[in-house]
Amino acid sequence: MQRSTGSLVYQSEPHNLLVMLRTFLLLTLFATGLTLSAATTVDGPTLRSHIDGHTITLLFCNLERKSAHFSLTQADDPEVSLFENHIAKHNGFRKCLDLAELTNGRYVLTVKHEGQTYYQVLRVNDQSLWVSQWTS
């Protein structure tokens, strides 16, 4: 098919456009499939924490809508709770915790869900925030 605009003639090739469109759709479906499979192959709840400076964002995916308990305590004295929250009948939970005001030391972020307890150790100092992997 040819189109003319003034002295220029454009020739569009429908076959190339179809190939490009088909490739784009296949890549989109493939990327979506990877995202879904990564979210569904986790043993236990999907639990992540994101660090930005002295702020930690806790992300918890709870598709079963079961109850869960979140807490932040001092590592040396677990009886001193700095943050606590309980959820029930929610698909997920997101909380940003600003740890800049905490004194230098070690803290434990705890999530209790369906009889399992997950821990993450945080080490706070003036310059940085260090975190461990989630363990159960």
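Numbering of the sequence shown is given in this note's numbering, commencing with residue 1202 and proceeding in unit increments.
Glycine residues also receive a C-beta, built at the ideal position from the N, C-alpha and C atoms.
All values derive from a computational prediction rather than experimental measurement.
Would you kindly check if the distance between the Cβ of residue j and the Cβ of residue i is under 9 Å?
i       : j       : result
Arg1295 : Thr1258 : yes
Ser1329 : Gln1321 : no
His1287 : Ala1269 : yes
For residue i, which of helix, strand or coil comes out of DSSP?
i       : result
Thr1224 : helix
Asn1286 : strand
Leu1218 : helix
Thr1247 : strand
Asp1278 : coil
Ser1272 : strand
Lys1313 : strand
Can you list, in chain order, the residues of its chain with a C-beta nearer than 6 Å to that of residue i? Leave out the 5 residues immediately preceding and following it.
i       : result
Met1221 : none
Ser1272 : Ser1282, Glu1285, Thr1311
Excluding the five sequence neighbours on either side, which residues of its own chain have a C-beta within less than 7 Å of the C-beta of residue i, listed in chain order?
i       : result
Cys1297 : Thr1256, Thr1258
When burial is assigned at 16 or more other CB atoms within 10 Å of the CB, is residue i buried or exposed?
i       : result
Thr1242 : With a pLDDT of 30 at Thr1242, under the threshold of 50, the modelled position of that residue is not reliable, and the figure given next carries that caveat. So Thr1242 ends up on the exposed side.
### Task
Check whether the stretch 1315–1322 touches the stretch 1283–1294, counting contact only when three or more Cβ pairs, one atom from each stretch, lie closer than 8 Å.
no
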